[in-house]
Structures are given as C-alpha cells and as structure tokens.
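Quick note: full-length UniProt numbering has the sequence shown finishing at residue 151, numbered continuously throughout. Ideal Cβ positions, reconstructed from N, Cα and C, are used throughout, including at glycine. In what follows, a structure is listed as structure tokens, so that the remarks can point back to it.
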Amino acid sequence: MTKILMVCLGNICRSPLAEGIMRSKLNNNSFLVDSAGTANYHLGKSPDKRSIAVAKKYGLNISHLKGRQFSISDFDAFDVIYVMDESNFKNVMDLARNDEDIAKVKFILNEVYPNQNYSVPDPYYGGDQGFENVYKMLDEACDNIAKSLNS
C-alpha cells in the first residue's frame, strides 16, 4: 500500500482539499491518503467551511476530516509527503532525520511544474475565489500524481 501525506500550515484549507481530491482519484484498497499541518492552530477541528464548500461543489465530502499536526513519525508512516509551500517545506525538512526522510518531501505543484517549487497560495485570508483557484491547482496536481501511480 502506498501512503501519501498532504501538508499545509493549519490543516484546514489546502491539505484537507488535497487529501479529498487525491482520495477520489485512487483506489482506497491500494492507497492511503492523509493530511496534516505544520502548526498546531486547528488540532481536531474540521476543515474551513470554504474548503468544505468548494469540495462539495465538485462532489467531494471532506467535512469529516480533522486537523492534526505533522510529526516526525509521519516520515515512518508515509511513502511521500507533499507540501503546499516553501514554509511548509522548511518546517517539514527541519524535522527530517536523514536522507531517506528528505527524499520523501516534495512540493505538490512540482507534479505540474517540475522542479519549480511553486507554492499553492494559502486561501485562508481571501475570498471564495481563492479556494476555487486552490481546488483547481490541487486537482491538476492530483490528476498527475494519480496517473503516475496508476500506470
């Protein structure tokens, strides 16, 4: 079973969207997808209502997900760790213990724009359109991930 972790700052906007999108594109018997935040602001909380709404618009239910914080044990539990931006990347890499941990960490948008390390913008302080834009970015990246994993 391939295990994928999506990581953003608070685990209520981008990473739960990425988790829901990725789950919808993979066979649940062969893949496990989870999400986490690098900060502890929203532990145990549901995703932002705007993330829930944009996911629902596209037929996905992420309302049951709960925020959790990234931990060192996630390096052992997951095969690949997708981060949403440079800050998430630095925070996760700061916890890496060795080259094996480091090799697991990737920018999710590198699946669309290889080696560019583009960030998925944090839509938290913006309006609904920001969530829509983030959904579309993540959907394209997750499509590419799913195609490579299912081939």
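Item, Value
"For Tyr82: DSSP bridge partner residues", "Met6 and Lys106"
"Where Ser119 sits in the DSSP three-state scheme", "coil"
"Bounding residues of the alpha helix (DSSP H) (the contiguous stretch that carries Ser51)", "Lys49 to Lys57"
"Best match in Tyr113, Phe89 and Val112 for proximity to Lys104 [C-alpha to C-alpha]", "Phe89"
"Where Gly37 falls: helix, strand or coil (DSSP)", "strand"
"Same chain only: Cβ atoms within 7 angstroms of Leu43, ignoring 5 sequence neighbours per side", "Gly67, Arg68 and Gln69"
"C-alpha gap between Thr31 and Ser24, whole angstroms", "In the sequence under discussion, the amino acid at residue 31 is Phe, which differs from the Thr named in the question. Looking at the two C-alpha atoms, the distance is approximately 11 angstroms."
"Bounding residues of the alpha helix (DSSP H) (the contiguous stretch that carries Pro16)", "Arg14 to Lys25"
"CB contact flag (Met84, Leu9, <9 angstroms)", "yes"
"Best match in Glu140, Ala18, Ala77 and Pro121 for proximity to Thr2 [C-alpha to C-alpha]", "Ala77"
"Which listed residue (Ser35, Asn91 and Asn27) has its alpha carbon closest to that of Leu17", "Ser35"
"Length of the line joining the Cα atoms of Met137 and Leu109", "8 angstroms"
"Euclidean distance between Cα positions of Lys45 and Ser63", "10 angstroms"
"Endpoints, the alpha helix (DSSP H) within which Ala77 is located", "Ser73 to Ala77"
"CB contact flag (Tyr135, Ile21, <9 angstroms)", "yes"
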